[in-house]
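Novice: First residue of the sequence shown: 653, per the numbering used here; consecutive thereafter. This is the structure, below, for whatever I ask next.
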Amino acid sequence: MSEPLFDLVVRGGTVATASDVFRSDVGITGDRITALGTDLGPGRKEIEARDRLVLPGGVDTHAHIEQLSAAGIMNADTFESATRAAAFGGTTTVISFAAQHVGMCLTRVVEEYHALARQGALIDYAFHMIVADPTVEAIEEDIPALVAAGHSSIKVFMTYDRLKVDDEKLLDVLLAARRTQALVCVHAENHGIIAWMVKRLLAKGYTAPKYHAVSHARISEAEAFTRLIGMAELLDQPIMIFHVSTREGAAVIREARGRGVKVFAETCPQYLFMTAADLDKPGSEGAKWMCSPPPRTTDDQEALWRALALGDLQTISSDHAPYRYDESGKLMAGPSPTFKQIANGLPGLETRLPLLFDAMVSKGRLGLEKFVEVTATAPARIYNLHPRKGSIAIGTDADLALWDPDREVTLADEMTHDRVSYTPFAGRRVRGWPVTVLSRGRVIVDDGKLYGEPGSGQFLARSGGEAARPAGRLVAEMDPTRNFGADLL
Ligand code: DUC
Ligand code: ZN
Ligand code: ZN
């Protein structure tokens, strides 16, 4: 027997990237992939992968973990439980949030989330900074220092009573991002329309969870997208629109991208696989399917698939926002809350990839390479984690998910590994399952067993990269060479 050449060889599998599918062994030395090819020499350890698809570990760039909501409700998940669930679902990188609320110091907030993740995470992670209070200090001191420290994306909300920033503040944040080359991610819905609808519905006695979907009138999405894109265009600042849910919203993005505006956009499994009808359950049960924006119609699902195919939407994230269906979470206001009193959000870190693999690979919608692209490669690129994350190539981190493409699983509440105790996708049967998962060359999940250790995940410092760079197309008012010479930016 000759000397081992690698620490680990994943042997004989079918490797898939966003552009290619090919038979190859994967040679791993330490944390990294160091060889691809057939008949690689021996490894100290070997994993037989003849019947497996060898894919990059998933990159989930929108997850709320150990996060305090503005209403004071703590997520059900810790970094340990959320990243454990992610790992079981084939995801090896997550970007979660460091959530500032009004009155909080952003730097302190980021330090606190750092400490929690350092202790609990068992996959690699980064943060988006939620800015709810863009004070002069936050804009001029905290944001530049934090972006320089590797937090190169900012999230803002255009709705939610205690989180929303108005248009003027949104412009302040967009400009702060432009100056520091950070990407701005936005929850874009028209607050006034939603608040007005909620008031009217509740006054008329329409309180059940299904009216949550009615309150987020479809136009609230397209209107906010249009306004947001206008502001981003005014400053020539790249943006990422989170969780697109409607056909009209996707159309607004298509039109803006067609004009050369640097707009990125994501959707989530809940908008591809659920509809507003899922909220229509007896009593308060519909709360389990309540998220914002709400799931819409099958026609919207088709429009979102089309937008993915066309590249108008580039990523599919989970928007994992875990609340238990009990008095600690969804039923915090009692057993019969009005829809306004129910925390918004669904668990999804674990089910994102199996649901999408089933739809895209097993059932053939857009195919294997596109599956890898929208769940791993494109998110890694947009958030500047590529090439280290999101692909399989020599030199990349050995973050791999080995899928059994034939394994059939019926999703069920009891099988998930987060702390939510239900999945909104229970009862769905999927084909294809991530059986073995590696994070930087270490097996963290194998055949239903966890081997990853809390605290072994690493923080991924990121600069803004290409996605966050202005497109270089200033509108007349902002262009000092075409106007009065002042530099408004
Ligand atoms: N909507 C959000 O904006 N965030 C968390 C979950 C949700 O449903
Ligand atoms: Zn959101
Ligand atoms: Zn979210």
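All C-beta atoms in this analysis are idealised placements derived from N, C-alpha and C, irrespective of residue type, glycine included. Computed from a prediction, not measured in an experiment: that's the story for all the values here.
When the Cα atoms are used, what is the spatial distance from residue 1064 to residue 1081?
Specialist: One C-alpha to the other measures close to 9 Å.
Novice: Alpha carbon to alpha carbon, how far is residue 991 from residue 1039? Give it in angstroms, no decimals.
Specialist: Those two C-alpha atoms are separated by around 43 Å.
Novice: Say whether the segment 1000 to 1020 touches the segment 955 to 968, bearing in mind that this needs 3 or more beta-carbon pairs closer than 8 Å, one atom from each stretch.
Specialist: Enough Cβ pairs lie closer than 8 Å, so yes.
Novice: In whole angstroms, what separates the C-alpha of residue 1074 from that of residue 1007?
Specialist: Going by the C-alpha atoms only, they are around 16 Å apart.
Novice: In chain order, what residues of the same chain have a beta carbon less than 6 Å from the beta carbon of residue 695, not counting five sequence neighbours either side?
Specialist: Excluding residues within five positions, the ones whose Cβ falls inside 6 Å are 656, 658, 660 and 661.
Novice: Grouping DSSP H, G and I as helix and E and B as strand, with all else coil, what is residue 1144?
Specialist: Not covered by the structure: residue 1144. The range shown for the chain is 653 to 1141.
Novice: Would residue 1089 and residue 742 be called neighbours here (beta carbons separated by less than 8 Å)?
Specialist: Against a cut-off of 8 Å, the Cβ pair of residue 742 and residue 1089 comes out as a contact.
Novice: Report the partner residues of residue 677 according to the DSSP bridge assignment.
Specialist: Its beta-bridge partners are 689.
Novice: Which residue's Cα is closest to the Cα of residue 1071: 685, 717, 894 and 705?
Specialist: When each option's Cα is compared against that of residue 1071, the closest is 717.
Novice: Going by other Cβ atoms of all chains shown within 10 Å of its Cβ, with 16 needed for buried, is residue 940 buried or exposed?
Specialist: With 16 or more other Cβ atoms within 10 Å, it is buried.
Novice: Can you tell me which residues fall inside 6 Å of ligand 1, judged by beta-carbon distance to its nearest heavy atom, and keep chain order?
Specialist: Per the Cβ criterion, the list is 716, 839, 943, 944, 971, 973, 996 and 997.
Novice: Mind checking which residues open and close the alpha helix (DSSP H) that includes residue 777?
Specialist: Note, residue 777: premise wrong, no alpha helix (DSSP H); beta strand (DSSP E) at 776 to 782.
Novice: Once DSSP output is grouped into helix, strand and coil, what is the label at residue 1053?
Specialist: Three-state DSSP puts residue 1053 in a strand.
Novice: Count the CB pairs spanning the segment 858 to 865 and the segment 792 to 807 that are closer than 8 Å, and state whether there are at least three.
Specialist: Contact between the segment 858 to 865 and the segment 792 to 807 is absent, because fewer than three Cβ pairs lie under 8 Å.
Novice: What did DSSP end up calling residue 743 once you bin it into helix, strand or coil?
Specialist: Strand.
Novice: Taking only the alpha-carbon atoms, compute the straight-line gap between residue 735 and residue 765 and give it to the nearest angstrom.
Specialist: Cα to Cα, residue 735 sits roughly 14 Å from residue 765.
Novice: In the DSSP output, what is residue 1031 paired with across the bridge?
Specialist: DSSP, once it has assigned bridges, lists no residue as partnering residue 1031.
Novice: What is the residue span of the alpha helix (DSSP H) that residue 848 lies within?
Specialist: First-last of the alpha helix (DSSP H) with residue 848: 843 to 855.
Novice: Opposite residue 1085 in the DSSP bridges: which residues?
Specialist: Bridge partners of residue 1085: 1056.
Novice: If we call anything under 8 Å between Cβ atoms a contact, is residue 1092 one with residue 1051?
Specialist: Cβ distance < 8 Å, so residue 1092 and residue 1051 count as in contact.
Novice: Just confirm the distance between the C-beta atoms of residue 843 and residue 816, as a whole number of angstroms; I'd bet it's less than 8 Å.
Specialist: Rounded, the Cβ-Cβ distance is 5 Å, consistent with contact.
Novice: Note the first and the last residue of the continuous beta strand (DSSP E) segment covering residue 1046.
Specialist: Careful: residue 1046 lies outside any beta strand (DSSP E) and carries neither H nor E.
Novice: Can you tell me whether residue 868 sits near ligand 3, meaning its C-beta is under 7 Å from at least one heavy atom of the ligand?
Specialist: Checking the Cβ of residue 868 against ligand 3 gives no.
Novice: I'd like the span of the alpha helix (DSSP H) that includes residue 1025, first residue to last.
Specialist: Note, residue 1025: premise wrong, no alpha helix (DSSP H); not H, not E.
Novice: Return the bridge partner residues of residue 917 from the DSSP annotation.
Specialist: The partner list for residue 917 (beta bridge, DSSP) reads 893.
Novice: Using a Cβ-Cβ cutoff of less than 7 Å, which residues in the same chain neighbour residue 883 once the five nearest sequence positions on both sides are dropped?
Specialist: Once the five neighbours on either side are set aside, the close Cβ partners of residue 883 are 819, 822, 823 and 826.
Novice: Which class does residue 994 belong to by DSSP, given the choice of helix, strand or coil?
Specialist: In the structure shown, residue 994 sits in coil (DSSP, three-state: anything other than H, G, I, E or B).
Novice: Is any heavy atom of ligand 3 found at a distance shorter than 7 Å from the C-beta of residue 809?
Specialist: Not so, every heavy atom of ligand 3 lies at least 7 Å from the Cβ.
Novice: Of the residues 812, 681 and 846, which one's Cα is nearest the Cα of residue 693?
Specialist: Comparing Cα-Cα distances from residue 693 to each of 812, 681 and 846, the minimum goes to 681.
Novice: Under the criterion of a Cβ to heavy atom distance below 7 Å, does residue 894 qualify as lining ligand 2?
Specialist: True, at least one ligand heavy atom lies under 7 Å from that Cβ.
Novice: Are there any heavy atoms of ligand 3 lying less than 7 Å away from the beta-carbon of residue 714, as far as the coordinates show?
Specialist: Flag set: Cβ of residue 714 near ligand 3.
Novice: Just to check my reading of the structure: residue 935 and residue 973 have Cβ atoms closer than 8 Å, yes? What is that Cβ distance to the nearest angstrom?
Specialist: Rounded, the Cβ-Cβ distance is 22 Å, inconsistent with contact.
Novice: Can you give me the start and stop residues for the alpha helix (DSSP H) that residue 877 sits inside?
Specialist: Its alpha helix (DSSP H) spans residues 871 to 887.
Novice: Which of the three DSSP states is assigned to residue 988 in this structure?
Specialist: Three-state DSSP puts residue 988 in coil, outside helix and strand.
Novice: To the nearest angstrom, how far is the alpha carbon of residue 1058 from that of residue 1085?
Specialist: So the alpha carbons of these two residues sit roughly 8 Å apart.
Novice: CA-CA distance, residue 768 and residue 1125?
Specialist: Roughly 40 Å separates the two Cα atoms.
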